[in-house]
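This report concerns only the one structure given below.
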Amino acid sequence: GDQVEQSPSALSLHEGTGSALRCNFTTTMRAVQWFRKNSRGSLINLFYLASGTKENGRLKSAFDSKERYSTLHIRDAQLEDSGTYFCAAEMDSNYQLIWGSGTKLIIKP
Amino acid sequence: EAAVTQSPRSKVAVTGGKVTLSCHQTNNHDYMYWYRQDTGHGLRLIHYSYVADSTEKGDIPDGYKASRPSQENFSLILELASLSQTAVYFCASRTRYEQYFGPGTRLTVL
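Next comes the structure, spelled out in structure tokens:
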């Protein structure tokens, strides 16, 4: 089965609101990365976490290896936050990433 | 700033034809990767390489070959393109902590 389960698959928010994306892992992961795929199709690095939390502007991410999950919180959403967000977990030492299926985020005015 | 470029950015190929996708990085990274993305799915690893002149199979290597002639260049080769290989292909290189992605190549096989 899938080792990385990402939810929700789609999310619609009004500008100025916030929400959280989540990835659950079926096994212990060493680290997690979060990416955004923008309208031009480019993948943008958002966070890399081996543990704990990181914050960057209106985005905050957390990773709990023991509890097997990671979250990405968005607050005060802006139109430019629209895109598809992916989590990717690092399971072993050759740095291969196992990807979630993505969350399509739409920000409405 | 880390840079990964891909060429071509889009391509239309005929079934049974040969397709070569190229990736170039100026990051001096050892690891490079080829992924494909299909609508509604996450990226899936096709091949990767951790040193020049060596490639490794990823999760879905069937129908693909890879070539790493130098640290900077990593190619993905479809010897006999098939309809099921229509997808967007991403190349990446990485440090210990982050992967840097190219802009993607949209491949359509007709």
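Going line by line, the protein sequences match chains A and B.
Just so you know, we're using my numbering here: the first sequence kicks off at 591 and counts up by one.
Just so you know, we're using my numbering here: the second sequence kicks off at 3 and counts up by one.
Even for Gly, the Cβ is constructed at its ideal location relative to N, Cα and C.
Owing to the predicted nature of the structure, the values given are computational and were not obtained by experimental measurement.
Short of 6 Å from the beta carbon of GLN73/B, and not among the five residues preceding or following it, lie these beta carbons of its own chain, in chain order: ALA54. Secondary structure of GLU670/A (DSSP, three-state): helix.
If you check each beta-carbon in the region 71–98 of chain B against every beta-carbon of chain A, the ones closer than 9 Å belong to VAL90, PHE92, ALA94, ARG96 and ARG98. Runs of the beta strand (DSSP E) spanning 3 or more residues and lying entirely within the region 605–635 of chain A occur at 609–615 and 621–627, in chain order. One alpha carbon belongs to LYS59/B, the other to ALA678/A, and they sit about 19 Å apart. In the DSSP assignment, GLN686/A falls outside any beta strand (DSSP E) and carries neither an H nor an E.
For ILE664/A, the enclosing beta strand (DSSP E) begins and ends at 659–664. Between the region 83–91 of chain B and the region 608–618 of chain A, the count of C-beta pairs closer than 8 Å stays below three; the two stretches do not touch.
Beyond the five residues adjoining it in sequence on each side, GLU657/A comes within less than 7 Å, by CB distance, of no other residue in the same chain. Beyond the five residues adjoining it in sequence on each side, ILE664/A comes within less than 7 Å, by CB distance, of GLY608, SER609, ARG648, LEU649 and ASP671 in the same chain, given in chain order. The Cβ atoms of SER660/A and VAL622/A sit closer than 8 Å to each other. DSSP places GLN8/B in the strand class (E or B) of the three-state scheme. Excluding five sequence positions before and after LEU23/B, the CB atoms of its chain that fall closer than 6 Å to its own CB belong to LEU78, TYR91 and THR107, given in chain order. Taking a Cβ-Cβ threshold of 7 Å, the residues of chain A close to GLY44/B are PHE676, TRP689, GLY690, SER691 and GLY692, in chain order.
Distance from ARG620/A to ALA640/A at the Cβ level is roughly 7 Å; contact confirmed, criterion being Cβ atoms closer than 8 Å.
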